[in-house]
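Contents: one structure, followed by commentary.
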Amino acid sequence: PCKAVFYCNTKCQRESWEGHRGECTVDPERKLRKLLKDQRRLEGNDPAILLALVDLGGLYKRQDRLGEAREKYLEFLEIIGSRQGERREIVAVVSSLLGDIYKE
543 PCKAVFYCNT KCQRESWEGH RGECTVDPER KLRKLLKDQR RLEGNDPAIL
593 LALVDLGGLY KRQDRLGEAR EKYLEFLEII GSRQGERREI VAVVSSLLGD
643 IYKE
């Protein structure tokens, strides 16, 4: 369950779900854990992991959870840094996002 938002009851929670859905980190966190678990089987070749790390980092950043955002961006850079042939533009974008966190 989400720990970022508290509701008075289940009815209120259901009514606000559409607005909260885009900012909730519970499902992206669960998806990332599953991808990382499956990564061991796939030998780390799943680009969905990189996308999940950047998406989750962005959600954390928008919620001012900068330490957690930094952690996800650094994890992304660590993974992509170990691969040959990845696009430099992606690294530049994530590095810039990380730089924004350090400025704040």
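When we follow our numbering, the leftmost residue of the sequence shown carries the number 543, and every step to the right adds one.
Built from N, CA and C at the ideal position, the CB exists for glycine as well.
Quick caveat, the model's predicted, so the values are computed rather than measured.
- Query: How is the alpha helix (DSSP H) around glycine 609 delimited, first residue to last?
  - Reply: For glycine 609, the enclosing alpha helix (DSSP H) begins and ends at 608-623.
- Rounded Cβ spacing between arginine 607 and glutamate 565 (contact assumed at less than 8 Å): With 8 Å as the limit, arginine 607 and glutamate 565 do not qualify as a contact, their Cβ atoms being about 11 Å apart.
- Message: What does the alpha-carbon distance come out to for the pair serine 558 and arginine 612?
- Response: 28 Å
- Among Gly609, Gly600, Glu620, Ile622, which has the Cα closest to the Cα of leucine 639? Gly600
- Message: Among Arg556, Gly561, Pro570, Cys550, whose alpha-carbon lies nearest the alpha-carbon of tyrosine 602?
- Response: Pro570
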